[in-house]
Structure formats: structure tokens, C-alpha cells
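**Student:**
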Amino acid sequence: MGTFVLVHGAWHGPWAWERVETSLRAAGARTITPDLSGRGDDGLHEHARAVIAALDGAAENDIVLVGHSYAGLVVREAADARPGLVGHIVLVDGWAGADGASLFSLAPESFVAAVRAAAETRGDGHRIPAPPPAAFGIDDPDTAALLAERLVPHPLRAFTEPTRLTGAVDRIPGTAVYCRPQTYPFDRFGEDLGYRTVALDGPHDVMLTDPERLAGTLLRAHPFKNRKREI
59 MGTFVLVHGA WHGPWAWERV ETSLRAAGAR TITPDLSGRG DDGLHEHARA
109 VIAALDGAAE NDIVLVGHSY AGLVVREAAD ARPGLVGHIV LVDGWAGADG
159 ASLFSLAPES FVAAVRAAAE TRGDGHRIPA PPPAAFGIDD PDTAALLAER
209 LVPHPLRAFT EPTRLTGAVD RIPGTAVYCR PQTYPFDRFG EDLGYRTVAL
259 DGPHDVMLTD PERLAGTLLR AHPFKNRKRE I
């Protein structure tokens, strides 16, 4: 069935994919979940290197690389560095753009101002405290409690650093999954990159609320060629 490298977004950790992993593995897929959390004041480039290491460690060269939210930028930079290992990119409500794009360059000014203020007033000026679960569209009490317990601060630098792309990533096909109702124009980000867009009803953290449906969407995104990497 192939390998999925699942990359979590800001404030989250690999745990965000646990429910989706269960469904993917039941379908015979292999999953890898790099950890971007707890990495101090690392920026986008360090996060991309963590994903590159995961790609290098996989024994496949037809990987589906999935990025949620902020990680849309991260997975594109990682794929640009290892285009021969990635068969398909999937953005899940993902921020993404051309070379030089950053999350702050794509986000509305109101979002940028609010995040900077949170870092200054409730963080240490370098890290952004986690928003409440409602910010991710979560209103179920049990899931909200899970988020409140596990969300961690995110480095501000990761939102300001521009991506460094050579253009190799643009030769990899992609799918942009956007959740409805939309919070930001994630469908347009995908369309601007030439990705196929797929609507999915649910909140921003749909991997927690509807993991089976998201897993099905991921499984349909790419026809695996079942190729092992030549060593």
C-alpha cells in the first residue's frame, strides 16, 4: 500500500496523527511521523531537515508526504530537497506558497498581529503559546481535553522564515485537502500551486474528529507503484 510520512502542524506533535495512523495501517500502509515539537527555537528550515531525515530513513522512493497546517510549508521544502523520494504531496488545511513564502507572508495581518502579541505578552518573545482547542475547531469535550493537555508552544521564527525552494518540488504532484467551513483560503493555496483540491467537511483538526474519512482521502490521493528504493 505504500508509506505515508505524516507531519504535524504548529503546537501539535506526532500524537495528532495517531487516529489516522490506525486507519492507514489497517489498510496495509506504513506510517512515519516526524516530531517537530519540543525543538526549542528551531525555525522552518530545521523542521524541514527533520522531515528530510524521515524521508532518508524510509526504504521507499514513492512516499506520500502529508503536511497539516503550518507543516504545508515544511513538507514542500523537504520534498524540494528530496524530490526523488516523494511521489505525492498532500496538504491538509495547509499553508503553502512559492519560493520565499512564509506563514506570516500568507496569513492576514490580523493573524500576524495576534500571534506576535501572544508571543510578546504570554510567551517569552520567541515562542507562541498554544491557542485554546476552540481555535482548531474542536468543541467535543474529550478531544478538547486531549488538545489542552498536549499542545505546546511553537517557535515564532518558524512562522517568519521564508521557504527555500529550487523548483524541484513543483514537479511533484499534489493534493490540497481543505476543511469546510474554511478558516483561511487553503483551497486557493493549493490551486495556486497547481494541486488538485479536495473538500472535507470538518474542523481544522479534522485528523482528530474524522480520522477514518481523512485516511480514506489520503489513500485515494496517490496510486502507489510499490517501488522499493534501490540501494
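With the sequence shown counted from 1, adding 58 to any position gets you this note's numbering. Built from N, CA and C at the ideal position, the CB exists for glycine as well.
Looking at the unbroken beta strand (DSSP E) that takes in A234, where does it start and where does it end?
**Tutor:** Boundaries of the beta strand (DSSP E) harbouring A234: G232 to R238, taken from the DSSP string.
**Student:** Is P220 closer than 8 Å to A172 when the C-beta atoms are compared?
**Tutor:** no
**Student:** If you draw a straight line from the alpha carbon of L277 to that of P269, how long is it in whole angstroms?
**Tutor:** 12 Å
**Student:** Less than 7 Å separating the Cβ of A202 from some heavy atom of the ligand GDP?
**Tutor:** Of the ligands one can find in the structure shown there are none, so the ligand GDP has no counterpart to examine.
**Student:** Which residues in the same chain have their Cβ closer than 7 Å to the Cβ of E288, if we skip the five residues on either side of it in sequence?
**Tutor:** Since pLDDT at E288 reaches only 48, below the 50 mark, its modelled position is unreliable, and no value is offered.
**Student:** Is it the case that the Cβ atoms of V78 and L64 are separated by a distance below 8 Å?
**Tutor:** Less than 8 Å divides the Cβ of V78 from the Cβ of L64.
**Student:** Looking only at its own chain, which residues have a Cβ that is under 7 Å from the Cβ of A176, when we skip the five neighbours before and after it?
**Tutor:** I186 and P187
**Student:** What first and last residue would you give for the beta strand (DSSP E) that runs through H126?
**Tutor:** I121 to H126
**Student:** Does the region 228 to 241 come into contact with the region 252 to 261, if we say contact requires no fewer than three beta-carbon pairs (one atom in each stretch) closer than 8 Å?
**Tutor:** The region 228 to 241 is in contact with the region 252 to 261.
**Student:** To test your reading of the DSSP string, which unbroken beta strand (DSSP E) runs of 3 or more residues are found completely within the region 90 to 171?
**Tutor:** 121 to 126 and 144 to 150
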